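Written out below as structure tokens is the structure these notes cover.
In this note's numbering, the protein residues as written are 2 to 813.
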């Protein structure tokens, strides 16, 4: 928010800070109103003054140039060559002296133009940066004082502060609010100026237009006054400059006044064109369900029915506290006005503004809280100013409908409590001094204990801890001593689940994956369309809520639902990277998924993984698209190995969800319990998203995987006897998985079988079409002695006999 130094001086005398605005900025920042930037437009107009052309002659060497003798207030005339045609002798002009630097880094120097010396330049509005284009030099009014700095004459010698106002300090969203803050800090009085209004005794607001407020909870105060016969047109220069100084554009004199009062006093107003209102009555009531509304800027929205509106006899003409309707604006044809000043409920305005994406200056202030007690005062100032800049007749009476005022309960504040929270000793008189400066009503209950009623405009002061903060910032945080707290006892041990999740993240990074961190909420529609049926994931040991948790006050439709899986978020990461040219990536995320539990809501830790693209270089070329599945499965298996989980199986997933490839999906079973899955993405999804590289995803239940972790490493002596390798080729029906046969071989091999792996798969030739040959390499070793040929022959025969009984196969 921009604040003008000159404007502040309308409310409090700060003349001693005129030459040192930086100190004023430091004072505000130290009190909690952070000044992010200081702008001084006058700095750009150094060496630029008001001058007068005393004599004008043609240039001796150029027909289009003139030689001017200019009085710049220096006591002698200054010769300046000018190429413009719109000036004459006696004109008041803008003189840029040598040393001036105009916008665009245009430096003014002494020069010779066609052999004639020129000691400056007569500037145009475009050269001064006041307009984009201009014809000729800038001609000033005859009363412009010669020699006066142009910045001061034109009102550009103001300093503006860019202030970051925290959400709780709604009282500082105006010049009056910041002036109050400075009055507290500097112990200076505020200037009070009573508005002057010339009323027309024969004109009555209440007899001309009725008023009804149907919901006092959403609108606790509504005031309005009639002004007739106004002349809508451009605003005077002083009003335009005031608004432009704080970043607002001038529209017309009436609208500019409402904006001026909002920035000056923090009270948003609205001016209705009385002729566009249907019926003799204004009604403040909730909207009708599915009611259509067109805003002042032409946006069409559909109201749900709980938005508060300002209505005439036929329609809604304004969304209360947010924006006016297209049929309520003030135009040059407007002559009769109804000026509205009201107090609307913060939560109602905030909800409506967010729901419909209507971010206005009015909504910004109402949603943080305005001063209900200042409603009529702001109305009076607005009416007075409208009469000053647009004329008109003001009604003698006005509407002021107000719900019964609920007295704010006094707050008990003690020096002991404040000192305890801040860690310092608080003097009762010092605390009392600051409470009075805050305009609080203070009653002494006992020594060091006060009963405090904060002013109406400080809606953020609700309990005793709020005054702790007030005393801390006003007295100065630098006065709080630096004391290390006394810590007793031993540090608590880390949560085991937390340590396990950190270990999983470390193992994922070791396996070559990058970590992602996504929001815990996303679009409910996107999540449902991506995942498909939640029931289908139960086969993989992943419980997902079929009715995800919805967010009541979602910031947008893209963030309206709590996630039930990490996969949709990782797929968004994938799409972002692929569409920015990355055709290879390996990501993982560890986070919470959410759902409904027995006692309300619950969250569970999960790990999601995604892989896309295959490495291509001179020496390696991908063999098939399914290679991505084995790539990701191998990385997950590496993590399981590091966790010392021995009983691991990958089982075919029959009927996986629609997101996954039906023939390339595997359920991870650890120690007899399904704990997740790894699968290739269905080609239809890739085609729909225009992804030309293979994609695989997976998700693991970290609660199930974390049981029994961390596991201690068990060591045993390395056998000093040699290992023996044996190969076994078996002809299997294609519907028998090689892994199931390997499990049976392990059982039959017993303790002597150290490892087993598949090293060859063959189809064709003499192998029946419905079968395939799978070759296993087995390593045997005995810690008690060297294995003999007789032992190996018996063991080999036992293995073949065991697997033959279990499966319909034969040795090749």
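Note that beta-carbon positions come from the ideal geometry of N, C-alpha and C, so glycine has one too.
Keep in mind the model is a prediction, meaning the values are calculated, not measured.
Under the three-state reduction of DSSP, which class applies to residue 782: helix, strand or coil?
Translated into positions along the chain shown, residue 782 becomes position 781. The answer is coil: DSSP assigns residue 782 none of H, G, I, E or B.
Looking at the unbroken beta strand (DSSP E) that takes in residue 93, where does it start and where does it end?
Against the chain shown, residue 93 aligns to sequence position 92. Per DSSP, residue 93 belongs to the beta strand (DSSP E) from 93 to 97.
Residue 577 - DSSP class collapsed to helix/strand/coil
Residue 577 sits at position 576 when you count from the first residue of the chain shown. Residue 577 carries a helical assignment under DSSP once its states are collapsed to helix, strand and coil.
Spatial distance of residue 409 from residue 374 (CA atoms):
Stepping through the chain shown from its first residue, residue 409 is reached at position 408. Stepping through the chain shown from its first residue, residue 374 is reached at position 373. Distance between the alpha carbons of residue 409 and residue 374 is about 13 Å.
Would the region 205 to 216 count as touching the region 383 to 400 if we require 3 or more Cβ pairs under 8 Å?
Yes: the two stretches touch, three or more of their Cβ pairs being nearer than 8 Å.
With a cut-off of 8 Å on the beta carbons, I'd call residue 816 and residue 310 a contact; round off their distance for me.
Outside the shown range of the chain (2 to 813) lies residue 816, about which nothing can therefore be said.
Between the Cα of residue 402 and those of 587, 246 and 345, spot the shortest distance and give me the residue it belongs to.
Numbered from 1 along the chain shown, position 401 holds the residue referred to as residue 402. Answer by Cα proximity: 345.
Checking the sheet assignment: what are the DSSP bridge partners for residue 296?
Sequence index remark: in the chain shown, residue 296 carries index 295 (1-based). In the DSSP output, where bridge partners are listed per residue, residue 296 has 326.
Quick check: residue 141 and residue 121, are their CB atoms within less than 7 Å of each other?
Taking the first residue of the chain shown as position 1, residue 141 is located at position 140. Taking the first residue of the chain shown as position 1, residue 121 is located at position 120. In this structure, residue 121 does not lie closer than 7 Å to residue 141 by Cβ.
Would you call the region 543 to 551 and the region 467 to 478 in contact, with 3 or more CB pairs under 8 Å?
Result no; under three Cβ-Cβ pairs closer than 8 Å.
Just grab the DSSP bridge partners of residue 165 for me.
Residue 165 sits at position 164 when you count from the first residue of the chain shown. Note: residue 165 sits in a beta bridge opposite 35.
Three-way DSSP call (helix, strand, coil) for residue 472 in this model
If you number the chain shown from 1, residue 472 lands on position 471. Per DSSP, reduced to three states, the secondary structure at residue 472 is helical.
What residue ranges within the region 663 to 699 form continuous beta strand (DSSP E) runs of no fewer than 3 residues, ordered along the chain?
Unbroken beta strand (DSSP E) stretches of 3 residues or longer found wholly inside the region 663 to 699: 674 to 682, given in chain order.
Does residue 245 come out as helix, strand or coil in the three-state DSSP assignment?
Translated into the one-based positions of the chain shown, residue 245 becomes position 244. DSSP places residue 245 within a helical segment (H, G or I) once states are collapsed to three.
Is it the case that the Cβ atoms of residue 383 and residue 340 are separated by a distance below 7 Å?
What you label residue 383 is simply residue 382 of the chain shown in a count that begins at 1. What you label residue 340 is simply residue 339 of the chain shown in a count that begins at 1. The answer is yes: Cβ separation under 7 Å.
Does DSSP classify residue 429 as helix, strand or coil?
Along the chain shown, read from residue 1 onward, the residue named residue 429 stands at position 428. DSSP places residue 429 in helix when its eight states are reduced to three.
Ignoring anything shorter than 3 residues or poking outside the region 54 to 135, list the beta strand (DSSP E) runs there in chain order.
Segments of the beta strand (DSSP E) lying fully in the region 54 to 135: 63 to 72, 78 to 83, 93 to 97, 112 to 114 and 117 to 119.
Going by DSSP, what residues sit across from residue 598 in a beta bridge?
The sequence position of residue 598 within the chain shown is 597, counting from 1. In the DSSP output, where bridge partners are listed per residue, residue 598 has 601.
Across the region 609 to 617 and the region 566 to 575, are there enough close Cβ pairs to call them in contact, namely three or more that are closer than 8 Å?
Counting Cβ pairs under 8 Å, three or more are found: they touch.
Are residue 114 and residue 36 closer than 7 Å when you measure CB to CB?
Against the chain shown, residue 114 aligns to sequence position 113. Against the chain shown, residue 36 aligns to sequence position 35. The Cβ atoms of residue 114 and residue 36 do not sit closer than 7 Å to each other.
Tell me the rounded alpha-carbon separation between residue 645 and residue 635.
Translated into positions along the chain shown, residue 645 becomes position 644. Translated into positions along the chain shown, residue 635 becomes position 634. Roughly 15 Å separates the two Cα atoms.
Who are residue 588's beta bridge partners in DSSP?
Stepping through the chain shown from its first residue, residue 588 is reached at position 587. BP columns for residue 588 point to 515 and 611.
Expressed to the nearest angstrom, what Euclidean distance is found between the alpha-carbon atoms of residue 300 and residue 249?
Reading the chain shown from its first residue, position 299 is the one you call residue 300. Reading the chain shown from its first residue, position 248 is the one you call residue 249. Going from the Cα of residue 300 to the Cα of residue 249 covers about 21 Å.
Apart from the five residues just before and just after residue 107, which ones in its own chain have a Cβ nearer than 8 Å to its Cβ?
Residue mapping note: residue 107 aligns to position 106 of the chain shown, counting from 1. Here the set comprises 128.
CB-CB under 7 Å to residue 381, same chain, minus the five flanking residues each way: which ones, in chain order?
Position 380 of the chain shown, counting from 1, holds the residue named residue 381. Excluding positions up to five away in sequence, the list reads 196 and 198.
For the pair the region 693 to 710 and the region 660 to 680, tell me if three or more CB-CB distances fall below 8 Å.
The region 693 to 710 vs the region 660 to 680: in contact.
Checking the sheet assignment: what are the DSSP bridge partners for residue 447?
One-based indexing of the chain shown puts residue 447 at position 446. Residue 447 pairs with 450.
Whose C-alpha, out of 732, 576 and 790, is nearest the C-alpha of residue 689?
Residue numbering aside, residue 689 sits at position 688 when the chain shown is read from its first letter. Taking the Cα of residue 689 as reference, the smallest distance to any Cα among 732, 576 and 790 is reached at 576.
Could you compute how far the alpha carbon of residue 10 sits from the alpha carbon of residue 347?
Here the question's residue 10 lines up with position 9 in the chain shown. Here the question's residue 347 lines up with position 346 in the chain shown. Going by the C-alpha atoms only, they are around 30 Å apart.
Suppose you measure from the CA of residue 66 to the CA of residue 144; what does that come to, to the nearest Å?
Residue numbering aside, residue 66 sits at position 65 when the chain shown is read from its first letter. Residue numbering aside, residue 144 sits at position 143 when the chain shown is read from its first letter. In this model, residue 66 and residue 144 are separated by some 27 Å (Cα to Cα).
Does the separation of the CB atoms of residue 485 and residue 522 fall below 7 Å?
Here the question's residue 485 lines up with position 484 in the chain shown. Here the question's residue 522 lines up with position 521 in the chain shown. Not closer than 7 Å, so no.
Quick one: any contact between the region 181 to 194 and the region 86 to 97, if contact means 3 or more CB pairs under 8 Å?
Because the criterion of three Cβ pairs below 8 Å is not met, the region 181 to 194 and the region 86 to 97 do not touch.
Could you give the DSSP three-state label for residue 793: helix, strand or coil?
Along the chain shown, one-based indexing puts residue 793 at 792. Correct three-state label for residue 793: helix.
Taking 7 Å as the cut-off, decide whether the C-beta atoms of residue 749 and residue 775 are in contact.
Taking the chain shown and counting its residues from 1, one reaches residue 749 at position 748. Taking the chain shown and counting its residues from 1, one reaches residue 775 at position 774. Not closer than 7 Å, so no.
Using the Cα positions of residue 247 and residue 169, report the straight-line distance between them to the nearest angstrom.
Start at 1 with the first residue of the chain shown, and residue 247 comes out as number 246. Start at 1 with the first residue of the chain shown, and residue 169 comes out as number 168. In a straight line, the C-alpha of residue 247 is about 22 Å away from that of residue 169.
Assigned exposure category for residue 262 - 16 Cβ within 10 Å defines buried:
Within the chain shown, residue 262 is the residue found at index 261, counting from 1. Counting Cβ neighbours within 10 Å, residue 262 comes out buried, since at least 16 surround it.
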